[in-house]
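See below for the structure under consideration.
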Amino acid sequence: DVKVTQSSRYLVKRTGEKVFLECVQDMDHENMFWYRQDPGLGLRLIYFSYDVKMKEKGDIPEGYSVSREKKERFSLILESASTNQTSMYLCASSFHLNEKLFFGSGTQLSVL
Amino acid sequence: SQQGEEDPQALSIQEGENATMNCSYKTSINNLQWYRQNSGRGLVHLILIRSNEREKHSGRLRVTLDTSKKSSSLLITASRAADTASYFCATPQNQAGTALIFGKGTTLSVSS
């Protein structure tokens, strides 16, 4: 079975901190994605990557950056965390760009 | 940008009844997908229907796609308490077929 692993299930950070959310997939997928999920707003795409060192902005990239140095790992970086970045963050991967996504279990981030 | 919109937002039924959820989208697509999310967890892919297909089945799930109306429906037959979850439709962001964009979801409650 494909496994997408997010490094933390719950995370509490202070405003202004630099935050790293890590995601690793074990199926040699080309494509990886970061979404955030908020009540009433559904899932919103932050960034995605279709190859190592390649990235594309999603709908809400402001305040975030990403890194993909190795095929299996896709990191989401909050350069200076703010309270409005408190959210559930979901990582996903896929073999084809717009086909079946495999999701991690999510990281619930609280910024205080 | 929200491509798909699910309807209704919430649905409560008894075990054994059928549950129908609808999804409308805005632009031409090459496929539409349905996902399920148990509370506080990652999403799980249920079914993918391509633009040249009108209906697809998987176990107790039946998905239809009407490209002329830009709409899809997900039918769960003989619902069980374990079907309680949120259900999301997802479509490619644009015709070039980039990342998936999700709707806000339908929350299904099945009581025994």
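Residue numbers (the numbering used here), protein chains in the order written: chain A, 7 to 118; chain B, 3 to 114. Every residue gets a Cβ at the ideal spot worked out from N, C-alpha and C, and that includes glycine. Because the structure is a prediction, the values reported are computed rather than measured.
Review point. If you measure from the beta carbon of glycine 107(B) to each beta carbon in chain A, is any gap under 7 Å?
Key: Yes, contact with chain A.
Review point. According to DSSP, is alanine 84(B) helix, strand or coil?
Key: Helix at alanine 84(B).
Exercise for review: Could you have a look at glutamine 39(B) and say whether DSSP puts it in helix, strand or coil?
Suggested key: In the structure shown, glutamine 39(B) sits in a strand (DSSP, three-state: E or B).
Review point. Can you pull the DSSP bridge partners for proline 94(B)?
Key: In the DSSP output, where bridge partners are listed per residue, proline 94(B) has Leu102(B).
**Study point:** Nearest neighbour of tyrosine 27(B), chosen from Leu76(B), Lys72(B), Thr79(B), Asp85(B) [CA to CA]
**Key:** Ranked by Cα distance from tyrosine 27(B), the first of Leu76(B), Lys72(B), Thr79(B), Asp85(B) is Lys72(B).
Check your understanding: Where does asparagine 20(B) fall in DSSP's three states?
Key -> Coil, per DSSP.
Point to revise | Beta-carbon neighbours of proline 94(B), restricted to chain A and to distances below 7 Å | key: What proline 94(B) touches in chain A: Asn104.
Practice item. Mind listing the chain B neighbours of phenylalanine 109(A)? Cutoff is C-beta to C-beta under 9 Å, in chain order. Key: Think of a sphere of 9 Å around the beta carbon of phenylalanine 109(A): the chain B residues whose beta carbon falls inside it are Tyr37, Gln39, Arg43, Gly44, Leu45, Val46, His47, in chain order.
Exercise for review: With distances taken Cα to Cα, identify the nearest neighbour of histidine 59(B) among Ala83(B), Leu45(B), Ser75(B), Ser41(B).
Suggested key: Just measuring C-alpha positions, the residue of Ala83(B), Leu45(B), Ser75(B), Ser41(B) sitting nearest histidine 59(B) is Ser75(B).
Exercise for review: Using three-state DSSP, classify threonine 92(A) as helix, strand or coil.
Suggested key: It is coil, neither helix nor strand.
Check your understanding: If isoleucine 49(B) and tryptophan 36(B) are in contact, beta carbons under 8 Å, what's the gap, nearest whole angstrom?
Key -> Between tryptophan 36(B) and isoleucine 49(B) the Cβ distance is about 5 Å, and since that is below 8 Å, they are a contact.
Review point. Which of the residues in the segment 5-36 of chain B, read from start to end, lie with their CB under 8 Å from any CB of chain A?
Key: Correct list: Asn32, Asn33, Gln35.
Review point. Name the chain A residues that come within less than 8 Å of threonine 100(B), Cβ to Cβ?
Key: What threonine 100(B) touches in chain A: Phe54, Glu62, Leu103, Asn104.
Check your understanding: For phenylalanine 26(A), is the classification buried or exposed, using 16 other Cβ atoms within 10 angstroms of its Cβ as the cut-off for buried?
Key -> Label assigned to phenylalanine 26(A): exposed.
Exercise for review: Report back the beta-carbon spacing between threonine 100(B) and leucine 103(A) to the nearest angstrom; my notes put them in contact at under 8 Å.
Suggested key: Contact check for threonine 100(B) and leucine 103(A): beta-carbon distance about 6 Å, within the 8 Å limit, so the pair qualifies.
Review point. Under 7 Å between C-beta atoms, does leucine 51(A) make it to chain E?
Key: The structure shown has no chain E; the protein chains it does contain are A and B.
Check your understanding: Is there contact between the segment 62-80 of chain A and the segment 34-50 of chain A, where contact requires at least three CB pairs shorter than 8 Å?
Key -> Yes, the segment 62-80 of chain A is in contact with the segment 34-50 of chain A.
Practice item. Give the DSSP bridge partners of arginine 52(B), in chain order. Key: Arginine 52(B) pairs with Asn33(B).
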